[in-house]
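In terms of our numbering, the sequence shown opens at residue 8 and continues consecutively.
All C-beta atoms in this analysis are idealised placements derived from N, C-alpha and C, irrespective of residue type, glycine included.
Source: prediction; values computed, not measured.
Okay, so here's the structure we're looking at.
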Amino acid sequence: MIIMVAAAKRFWKETDVTGTDDGWMIMLDGRAVKTPAGRPVALSSQKLAEAVGAEWKAQEENIIPATMPHFRYVVTAIDRVTPQRGDIINQLVGFSGNDLICYRDPDQLELASEQSMGWNPLLEWAESQHGIKLHIGAGVMPVKQDAETLLTAENWLSDKDDFRLAGLYNLISLSGSFVIGVAIEQGRLAVEDGFDLAFLDELWQVRKWGDDAEAEDRRQTIKQDMIEAKSYLSLLDQ
8 MIIMVAAAKR FWKETDVTGT DDGWMIMLDG RAVKTPAGRP VALSSQKLAE
58 AVGAEWKAQE ENIIPATMPH FRYVVTAIDR VTPQRGDIIN QLVGFSGNDL
108 ICYRDPDQLE LASEQSMGWN PLLEWAESQH GIKLHIGAGV MPVKQDAETL
158 LTAENWLSDK DDFRLAGLYN LISLSGSFVI GVAIEQGRLA VEDGFDLAFL
208 DELWQVRKWG DDAEAEDRRQ TIKQDMIEAK SYLSLLDQ
């Protein structure tokens, strides 16, 4: 759910980060950067503003949006999350109701054992730290989660501001797991460990049957996206 910034020619010479009463702003030749929808970009985190400013400063003849991950998250928060906050939260609650780590393979005992070893500690952490108790099932049949659990997840998300929700959305949706996404955001898991747990089934199949280049490229792209999401979220706290 990342808004892509349109490519364009570089049109400015000087890039600065300035503190204002509204927050930290990125200035291009003295003019404040705005989102594609024309909304002002004012950030509470100086470190995030500096990271975004560095992305703008690094642009050469052409603006390359793929090299501006922090700015893309900021734009997503302002232009996508803020006007659709309720819908975004509902989508994320949906991941808690259908979390990847609640489903165990009933046929492959070796894989099921790895799933339990990798995922059970996270389920215990989610319950002890956040009161989110998720039930486990076997196979692909949906596991019905308690309404109280879903409400707890919704309340937790509702406490987060739009900027944090933008990063959380990608961690959760890319991993397919509410618990893994939150665990990465909160520092319970390193990004690389969270990625390995999110793709535990697929990586097990790779070890058993081998891999192909296209699948590996897809996983590496997802891992890089998760790394960028965590980097962005970490800067919100600085």
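Where do the ends of the beta strand (DSSP E) carrying residue i lie?
| i | result |
| --- | --- |
| leucine 107 | Counting along the chain, leucine 107 falls outside any beta strand (DSSP E), and DSSP gives it neither H nor E. |
| isoleucine 139 | From DSSP, isoleucine 139 is part of no beta strand (DSSP E); its letter is neither H nor E. |
| threonine 25 | 22-27 |
Could you name the residues of the same chain whose beta carbon sits closer than 6 Å to that of residue i, not counting the 5 residues immediately before and after it, in chain order?
| i | result |
| --- | --- |
| leucine 99 | Leu164, Ile179 |
| alanine 5 | What the structure shows of the chain is the stretch from 8 to 245, and residue 5 is not part of that stretch, so it cannot be assessed. |
| glycine 60 | Thr22, Val24, Ile33 |
| alanine 119 | Arg111, Asp112 |
| methionine 8 | In this prediction, methionine 8 has a pLDDT of 49, which is less than 50 and means its spatial position is unreliable; what the coordinates show is noted afterwards. So the list reads Tyr176, once near-sequence residues are dropped. |
| glycine 125 | Leu204, Leu207 |
| glycine 146 | Pro113 |
Using CA coordinates, which residue listed in the options is at the minimum distance from residue i?
| i | options | result |
| --- | --- | --- |
| threonine 22 | Gln66, Ser51, Pro47, Ala15 | Gln66 |
| arginine 226 | Cys109, Lys237, Val213 | Val213 |
| aspartate 169 | Leu243, Glu209, Ala197 | Leu243 |
| aspartate 232 | Lys20, Ala73, Asn69 | Ala73 |
| alanine 44 | Gln152, Leu204, Pro90, His77 | Pro90 |
| asparagine 162 | Ala197, Glu192, Ile96, Asp200 | Ile96 |
| glutamine 152 | Gly104, Ala220, Lys215, Gln245 | Gly104 |
| serine 123 | Gly26, Ala205, Gly217 | Ala205 |
| glycine 101 | Ile71, Thr156, Gly146 | Thr156 |
Does DSSP classify residue i as helix, strand or coil?
| i | result |
| --- | --- |
| arginine 38 | strand |
| glutamate 68 | coil |
| methionine 32 | strand |
| alanine 154 | helix |
| leucine 196 | coil |
| isoleucine 229 | helix |
| alanine 119 | helix |
| alanine 49 | coil |
| alanine 44 | coil |
| glycine 146 | coil |
| proline 128 | helix |
| proline 113 | coil |
| glutamine 212 | helix |
| glutamine 91 | helix |
| methionine 11 | The pLDDT assigned to methionine 11 is 46, lower than 50, so where the model puts this residue is not dependable, and the model offers no usable value. |
| arginine 217 | Contrary to the premise, residue 217 reads as glycine rather than arginine in this sequence. Note: glycine 217 maps to coil in three-state DSSP. |
| glutamine 245 | coil |
| aspartate 166 | coil |
| phenylalanine 206 | coil |
Could you tell me the boundaries of the alpha helix (DSSP H) in which residue i lies?
| i | result |
| --- | --- |
| alanine 84 | Here alanine 84 belongs to no alpha helix (DSSP H), and DSSP marks it neither H nor E. |
| valine 59 | 53-65 |
| phenylalanine 18 | No alpha helix (DSSP H) holds phenylalanine 18; DSSP gives it neither H nor E. |
| aspartate 173 | In the sequence as presented, aspartate is not what sits at residue 173; that position holds alanine. Run containing alanine 173: 169-182, per the alpha helix (DSSP H) assignment. |
Kindly list the residues whose CB is nearer than 7 Å to the CB of residue i, restricted to its own chain and excluding five residues on each side of it in sequence; keep chain order.
| i | result |
| --- | --- |
| glutamine 115 | none |
| aspartate 106 | Leu141, Ser184, Phe185, Val186 |
| glutamate 57 | Val24 |
| glutamate 121 | Leu207, Trp211 |
| cysteine 109 | Leu141, His142, Ile143, Gly144, Val150 |
| valine 198 | Ile191, Met233, Ile234, Lys237 |
Just checking residue i against the ligand GTP - is the residue's beta carbon closer than 8 Å to any of the ligand's heavy atoms?
| i | result |
| --- | --- |
| tryptophan 63 | What this structure holds is no ligand at all, so the ligand GTP is not there to describe. |
Assuming residue i and residue j are in contact, meaning their beta carbons sit under 8 Å apart, how far apart are those beta carbons, in whole angstroms?
| i | j | result |
| --- | --- | --- |
| alanine 190 | leucine 129 | 6 Å |
| isoleucine 234 | leucine 181 | Going by Cβ atoms, the distance from isoleucine 234 to leucine 181 rounds to 10 Å, so no, they are not a contact pair. |
| leucine 50 | glycine 30 | 5 Å |
| alanine 133 | asparagine 177 | Wrong, their Cβ atoms sit about 19 Å apart, outside the cutoff. |
| glycine 138 | threonine 159 | 5 Å |
| lysine 41 | proline 47 | 6 Å |
| asparagine 69 | lysine 16 | 6 Å |
Leaving out five residues on either side along the sequence, give the residues of the same chain with a beta carbon under 8 Å from the beta carbon of residue i.
| i | result |
| --- | --- |
| glutamate 209 | Ala222, Arg226 |
| aspartate 86 | Ile10, Thr42, Pro43, Ala44, Arg46 |
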